[in-house]
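A short write-up of the structure that comes next.
Residue numbers (our numbering), protein chains in the order written: chain Y, 11 to 267; chain F, 46 to 59.
Take a look at the structure:
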């Protein structure tokens, strides 16, 4: 039996909103040691999502037997919208489940809402992702990255990211003209989450699909900062840290023909 | 603006 109780429903609500536009169906893997993990690839096989919610993400967590819960994320999102962000949220499944029970509790108002979501058999490839060496790692405010990704998409379907030891440059080249945004590295000791940190082994110049970057920044409400790891001619990793877990996106770069 | 690569060319199916 799985029983995972979140102190607030907001984490799960934000996680599902962050991934449901990229993948429609996915398997939730549940185990006592790892908590809940997800690996899902979008239909175009350009963007991969890796979610980890450790048992420490939950107020209470037990999973007697490893479970795979196949979910339609649009349906899950409809149910998660029924609860308030500050409600307790509990996910419950039997050992051989055909449905997932989702319970919201508002202890102050003595309100309990229960929903049952039908599960599906989902056949999906799992990709092996080893710890990668990277040429540079950038940590910046998640909102600042989201603004650049959203703004630059209006100019071009591609966004070039160039990193040097003291700045990150985002560049778009479109039919109406060009644009660039430079963010300089800075350390804000009063408010560390406002810092822009660049750890550079080698300068990087990579181009990504603006559409996918806009899918990634849907995770912005989950964390104050995002860490981006870039390597020449390899997928980039975008990480939003959660309390006791993470939501990572791996995005394949574009290449010149 | 380049060709969009797929993850399959970087990561193997487990």
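Think of the CB as a built atom: it goes at the ideal place given N, C-alpha and C, for glycine as much as any other residue.
For the beta strand (DSSP E) containing residue i, name the first residue and the last one.
i                      : result
residue 210 of chain Y : 207-210
residue 273 of chain Y : Because chain Y is modelled from 11 through 267, residue 273 of chain Y falls outside the range shown and cannot be assessed.
residue 109 of chain Y : 109-116
residue 170 of chain Y : 168-173
residue 73 of chain Y  : 70-73
residue 249 of chain Y : 246-252
residue 202 of chain Y : From DSSP, residue 202 of chain Y is part of no beta strand (DSSP E); its letter is neither H nor E.
residue 235 of chain Y : 235-240
residue 257 of chain Y : 255-261
Checking 7 Å against the spacing of the C-beta atoms, do residue i and residue j come in under that value?
i                      : j                      : result
residue 45 of chain Y  : residue 61 of chain Y  : no
residue 66 of chain Y  : residue 254 of chain Y : yes
residue 3 of chain Y   : residue 35 of chain Y  : Shown here, chain Y extends from 11 to 267; a query on residue 3 of chain Y therefore has no answer.
residue 11 of chain Y  : residue 76 of chain Y  : no
residue 215 of chain Y : residue 172 of chain Y : yes
residue 159 of chain Y : residue 224 of chain Y : yes
residue 55 of chain F  : residue 245 of chain Y : yes
residue 59 of chain Y  : residue 222 of chain Y : no
Tell me, which residues are paired with residue i by DSSP?
i                      : result
residue 224 of chain Y : Paired residues: none, contrary to the question.
residue 37 of chain Y  : Y:80
residue 103 of chain Y : Y:12
residue 52 of chain Y  : BP columns for residue 52 of chain Y are empty, so no partner.
residue 130 of chain Y : According to DSSP, residue 130 of chain Y bridges with nothing at all.
Identify the continuous alpha helix (DSSP H) that holds residue i and give its terminal residues.
i                      : result
residue 24 of chain Y  : 20-29
residue 158 of chain Y : 152-163
residue 88 of chain Y  : 83-90
Chain F partners of residue i, CB-CB under 7 Å?
i                      : result
residue 266 of chain Y : 47
residue 219 of chain Y : 49
So residue i contacts chain F; which residues on that side make the cut at Cβ distance below 9 Å?
i                      : result
residue 245 of chain Y : 50, 52, 55, 56
So residue i contacts chain F; which residues on that side make the cut at Cβ distance below 8 Å?
i                      : result
residue 227 of chain Y : Per Cβ cutoff of 8 Å: no residues; residue 227 of chain Y is ~18 Å from chain F at best.
residue 152 of chain Y : Near residue 152 of chain Y there are no residues of chain F at all, since even the closest Cβ is about 23 Å away, more than 8 Å.
residue 59 of chain Y  : Those within 8 Å of residue 59 of chain Y in chain F number zero; the least Cβ separation is about 11 Å.
Assuming the contact rule is C-beta atoms closer than 8 Å, residue i and residue j should be a hit. Round their C-beta distance to whole Å, please.
i                      : j                      : result
residue 138 of chain Y : residue 170 of chain Y : With a Cβ gap of about 29 Å, residue 138 of chain Y and residue 170 of chain Y do not count as contacting.
residue 81 of chain Y  : residue 127 of chain Y : 7 Å
residue 149 of chain Y : residue 21 of chain Y  : That pair is no contact at about 21 Å.
residue 18 of chain Y  : residue 152 of chain Y : Contact doesn't hold; Cβ gap of about 19 Å is too wide.
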